[in-house]
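Protein chains in written order, with my numbering: chain A, 3 to 301; chain B, 3 to 301. Here the structure is laid out as structure tokens; the discussion comes afterwards.
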């Protein structure tokens with residue numbers, strides 16, 4: 003458990019939205035649904051939101067929801083949503099691959115695609131009504147609120163090893179295109195992708211990564227993380243070895259930013275869309291903007 | 003306290019959104035903000051959401067927020083928002099009054115305006131980004147999911163006394179126009195408007211009603227309710243006397259519907275916009291639709 007763990011006030015209502023989504027997706031209603039909410043409330047009351055992070059509560063609520071659903075430990079609540087997200091993203095992959103290859107600066111366009119993949123959070127409940135095609139059509143107009151591209155390109159040019167920490171299903175289709183662009187930019191770089199150890203929200207596990215063929219372009223390992231983020235103390239030895247040795251680390255999405263930003267490591271580059279006020283404060287970039295941000299300025 | 007009190011699962015995340023809004027509006031952050039959330043969580047844990055309704059939790063959280071803000075008992079957290087809502091609505095009042103008077107069926111158009119007032123919930127946090135002018139421009143295209151107009155007009159024609167239970171600031175500007183239309187339809191009807199006894203969310207109290215001159219067209223009394231709704235057992239004797247004797251009762255908005263629907267009283271007509279799934283289930287009308295619904299079919 004992170005010593006610096008803390009759940010900010012702004013995350014409280016959002017956590018309950020997450021729990022509500024879990025209840026709906028697992029089909030838990032009535033008394034059992036209340037039990038699920040009460041479980042999350044007790045975690046917040048018992049800890050006062052200290053010594054833990056939101057990722058701990060989401061994991062804990064997910065386990066509780068799986069137990070209450072009576073569908074066995076192998077049940078992945080967001081399994082169907084993740085498959086739909088991957089399928090939807092795959093339908094757009096060809097067009098974006100073409101645009102990327104024809105771009106005057108394919109690496110830069112690759113970063114944009116990777117960040118856009120995080121915009122189009124196919125699985126996120128709040129984005130249920132998202133017009134995916136419109137988001138993709140207007141991708142070229144999107145602006146970065148922070149774009150540490152020169153530092154990123156410099157490091158990539160010199161890198162022998164790159165650790166790519168994945169986030170959501172759907173999004174990984176775009177990660178795959180970005181990874182191929184990075185490989186063309188530096189054919190010598192060895193890229194390893196890390197996915198979650200266990201299903202949580204719409205974060206990718208092995209099966210989701212394999213479904214889009216991510217393993218065809220890079221090695222795919224589990225980070226050992228059972229959380230929707232990367233709490234280094236709670237990752238696998240293999241992951242931490244790769245993490246320590248990597249010349250460059252790409253961290254996708256909000257959960258990974260939340261859990262890795264305090265590492266204050268210049269090898270880290272965070273790619274995401276800023277989705278809430280709390281993240282806007284953490285990143286210093288306004289809500290809604292795309293971000294390519296080098297770590298290391300804090301801590 | 004209502005014997006039939008029950009907080010449905012769907013209301014849990016929404017309640018925490020409400021608490022979050024309270025914290026922001028009263029400027030309570032950090033540890034005090036957590037105290038506010040913990041207060042609401044404890045009420046839900048202690049009761050398991052039974053024997054109370056959401057209105058009890060909102061009241062209780064509001065009192066806690068006022069106490070934590072240190073601004074004294076007279077502090078109305080939504081005071082500024084309510085003033086802005088009234089002012090905004092007043093800017094449109096003239097145009098709608100003209101449309102109403104020129105309408106081929108002014109009473110029907112009056113119902114529409116009253117329901118629209120509930121759409122344009124100027125104070126509701128989630129509607130912060132609402133384009134008021136656009137909502138008003140498209141008012142004529144709005145459809146009712148249920149429109150018990152014939153029954154309503156029949157009862158109004160024969161009514162000597164009408165009790166009008168108000169909801170939000172801003173909305174009451176439109177209520178006032180509707181009340182004038184009803185008075186022209188039946189000049190003999192005596193109309194009394196009821197507002198809340200104490201500030202809660204953006205529901206109107208005396209001061210808000212007076213600010214838009216509601217007292218110029220009808221008697222205005224307090225219902226004695228300190229809740230964002232009307233729990234009959236917890237209203238004043240004066241209100242209950244008026245309620246019992248009224249030939250016709252108009253109930254505006256969701257909070258009043260939630261708390262009065264179980265009265266199963268044919269004198270009750272609910273006018274509102276259906277704003278959530280829970281209300282859609284209760285009313286049998288889909289989310290987003292306008293409603294003029296006679297009570298009395300349940301219970």
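Ideal Cβ placement from N, Cα and C applies to all residues, glycine included.
For chain A, is any of its Cβ atoms less than 7 Å away from the one on residue i?
| i | result |
| --- | --- |
| residue 128 (chain B) | With a pLDDT of only 48 at residue 128 (chain B), under 50, the local geometry of the prediction cannot be trusted, and no value is derived from it. |
| residue 71 (chain B) | no |
| residue 11 (chain B) | yes |
| residue 35 (chain B) | yes |
| residue 19 (chain B) | yes |
| residue 138 (chain B) | no |
Quick check on the DSSP output: the alpha helix (DSSP H) that includes residue i runs from which residue to which?
| i | result |
| --- | --- |
| residue 21 (chain B) | 13 to 28 |
| residue 54 (chain B) | Counting along the chain, residue 54 (chain B) falls outside any alpha helix (DSSP H), and DSSP gives it neither H nor E. |
| residue 284 (chain B) | 279 to 285 |
| residue 174 (chain B) | 173 to 187 |
| residue 118 (chain B) | 108 to 121 |
| residue 242 (chain A) | 239 to 247 |
Applying the 10 Å Cβ sphere with the 16-neighbour rule, what's the burial state of residue i?
| i | result |
| --- | --- |
| residue 130 (chain A) | Here residue 130 (chain A) scores only 45 on pLDDT, less than 50, and its place in the model should not be relied on; the value that follows carries that caveat. Exposed, since its Cβ has fewer than 16 Cβ neighbours within 10 Å. |
| residue 157 (chain B) | buried |
| residue 143 (chain A) | exposed |
| residue 116 (chain B) | buried |
| residue 232 (chain B) | buried |
| residue 201 (chain A) | buried |
| residue 300 (chain B) | Per-residue confidence for residue 300 (chain B) stands at a pLDDT of 47, beneath the threshold of 50, marking its modelled position as unreliable; the derived number appears in the next sentence. Result: exposed. |
| residue 269 (chain A) | buried |
| residue 114 (chain A) | buried |
| residue 189 (chain B) | exposed |
| residue 140 (chain A) | exposed |
| residue 106 (chain B) | exposed |
| residue 48 (chain B) | exposed |
| residue 173 (chain A) | buried |
| residue 22 (chain B) | buried |
Is any beta-carbon of chain B found at less than 7 Å from that of residue i?
| i | result |
| --- | --- |
| residue 14 (chain A) | yes |
| residue 62 (chain A) | no |
| residue 43 (chain A) | yes |
| residue 22 (chain A) | yes |
| residue 274 (chain A) | no |
| residue 40 (chain A) | yes |
| residue 47 (chain A) | yes |
| residue 68 (chain A) | no |
| residue 285 (chain A) | no |
Hey, how far is the Cα of residue i from the Cα of residue j?
| i | j | result |
| --- | --- | --- |
| residue 83 (chain A) | residue 51 (chain A) | 29 Å |
| residue 149 (chain B) | residue 252 (chain B) | 14 Å |
| residue 35 (chain B) | residue 39 (chain A) | 20 Å |
| residue 288 (chain A) | residue 275 (chain A) | 10 Å |
| residue 226 (chain B) | residue 57 (chain B) | 14 Å |
| residue 180 (chain B) | residue 76 (chain B) | 31 Å |
| residue 29 (chain B) | residue 20 (chain B) | 14 Å |
| residue 236 (chain A) | residue 265 (chain B) | 55 Å |
| residue 186 (chain A) | residue 42 (chain B) | 55 Å |
| residue 271 (chain B) | residue 254 (chain B) | 9 Å |
| residue 282 (chain A) | residue 199 (chain B) | 39 Å |
| residue 12 (chain B) | residue 64 (chain A) | 18 Å |
| residue 229 (chain A) | residue 195 (chain A) | 16 Å |
| residue 55 (chain A) | residue 46 (chain B) | 23 Å |
| residue 14 (chain B) | residue 293 (chain B) | 24 Å |
| residue 240 (chain B) | residue 81 (chain B) | 26 Å |
| residue 280 (chain A) | residue 10 (chain A) | 8 Å |
| residue 278 (chain B) | residue 170 (chain A) | 28 Å |
| residue 127 (chain B) | residue 221 (chain A) | Because the pLDDT at residue 127 (chain B) is just 45, under 50, the model does not fix this residue reliably, and the value given afterwards should be weighed accordingly. Taking the straight line from one Cα to the other gives about 46 Å. |
| residue 88 (chain B) | residue 218 (chain B) | 16 Å |
| residue 155 (chain B) | residue 247 (chain B) | 19 Å |
| residue 136 (chain A) | residue 78 (chain A) | 29 Å |
In terms of DSSP beta bridges, what is residue i paired with?
| i | result |
| --- | --- |
| residue 192 (chain A) | A:163 |
| residue 253 (chain B) | B:167 and B:272 |
| residue 293 (chain B) | B:148 and B:274 |
| residue 214 (chain A) | The partner list for residue 214 (chain A) (beta bridge, DSSP) is empty, contrary to what the question assumes. |
| residue 197 (chain A) | A:224 |
| residue 8 (chain A) | A:52 |
| residue 205 (chain B) | B:170 |
Which residues mark the beginning and the end of the beta strand (DSSP E) in which residue i is found?
| i | result |
| --- | --- |
| residue 95 (chain B) | First-last for residue 95 (chain B): 81 to 104, but that is the alpha helix (DSSP H), not the beta strand (DSSP E). |
| residue 148 (chain B) | 146 to 149 |
| residue 221 (chain A) | 221 to 224 |
Using 6 Å as the cut-off, classify the Cβ of residue i as near or not near the heavy atoms of the ligand ADP, replying yes or no.
| i | result |
| --- | --- |
| residue 231 (chain B) | Within the structure as shown, the ligand ADP is missing, as the structure has no ligands at all. |
So with CB distances below 7 Å, who are the chain C contacts of residue i?
| i | result |
| --- | --- |
| residue 25 (chain A) | Annotation note: the requested chain C is absent from the structure, which comprises protein chains A and B. |
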